[in-house]
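Novice:
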Amino acid sequence: MANQKTVFEIDLNTHLLKNVSYVASPNYDERPNDINPELIVVHGISLPPQQFGGPGVVQLFTNQLNPLEHPYYAEIHQLKVSAHVFIRRDGQVIQFVPFHQRAWHAGLSNFNGRERCNDFSVGIELEGTDDKPYEPIQYEQLAKIILALRKAYPTIKTENLVGHNDISPGRKTDPGEHFCWQTLQSSLNKSAEQTQV
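Residues in the sequence shown are numbered consecutively from 1247, following our numbering.
This is the structure in structure tokens:
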């Protein structure tokens, strides 16, 4: 179930969200030259494809995906990938990689002429698909996490917020056409107002 707190906070000793489930992924390494996060990349994922609520994403990010459980798993079970954070359809948040480490989420990518976006970005996966709307609670949780990231890492400028498709055009389509950036902005505005009360 979702954590309905007004705000999320990041512990700058551990670089983890406070009071959020942490499932350590082995798929990460150090950011080069102690680069701080500068970019937030929004992704969409469902495993098996078009199915929600199962353990597939957690298993993928922890190298525990069973290739016999689903035909698609046989194709991807050897991938070594991760994201910093995963937000389920019900709003539950799971963190896999501390924010000061490099998660392996973007692949071949380019942001404003800078390649290797994993080096300087935070990857946030939303449970979803390109052809279905995301849930309101996912936008709310995403907005709270974005605000926490901007507070903890001032190097993340307001405009440095993109979809995977923006940094890997032609190769990736997520979070998809049903991801509503306007809804996210409204959630960001609402969450920012709540933190000032």
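C-beta: ideal position from N, C-alpha, C; glycine also. All values reported here derive from a predicted model rather than from experimental measurement.
Please name the residue, chosen from Pro1294, Lys1436, Arg1396 and Asn1358, that lies closest to Ser1414 on a Cα-to-Cα basis.
Specialist: Ranking Pro1294, Lys1436, Arg1396 and Asn1358 by Cα distance to Ser1414 puts Asn1358 first.
Novice: Which ranges does the alpha helix (DSSP H) cover as unbroken runs of at least 4 residues, wholly within the stretch 1366-1427, from first to last along the chain?
Specialist: 1382-1398 and 1410-1413
Novice: Buried or exposed: which applies to Asp1257, given that a residue is buried once 16 or more other Cβ atoms fall within 10 Å of its Cβ?
Specialist: exposed
Novice: By the 10 Å Cβ neighbour count, where 16 or more other Cβ atoms means buried, how is Glu1373 classified, buried or exposed?
Specialist: buried
Novice: Please report the residue range of the beta strand (DSSP E) in which Val1303 lies.
Specialist: That residue, Val1303, is in no beta strand (DSSP E); its alpha helix (DSSP H) goes Gly1302 to Phe1307.
Novice: Within a Cβ cutoff of 8 Å, which residues of the same chain sit near Ala1394, ignoring the five residues on either side of it in sequence?
Specialist: Val1253, Phe1254, Glu1255, Ile1256 and Leu1263
Novice: Could you name the residues that DSSP lists as bridge partners for Val1253?
Specialist: Looking at the DSSP assignment, Val1253 forms no beta bridge with any residue, so it has no partner.
Novice: With Gly1369 and Ala1398 assumed to form a contact (beta carbons below 8 Å), what rounded beta-carbon distance in angstroms separates them?
Specialist: That belief does not hold up - the Cβ atoms of Gly1369 and Ala1398 are roughly 16 Å apart, past 8 Å.
Novice: What residue range does the alpha helix (DSSP H) around Ala1270 cover?
Specialist: Element bounds for Ala1270: n/a, residue is neither H nor E.
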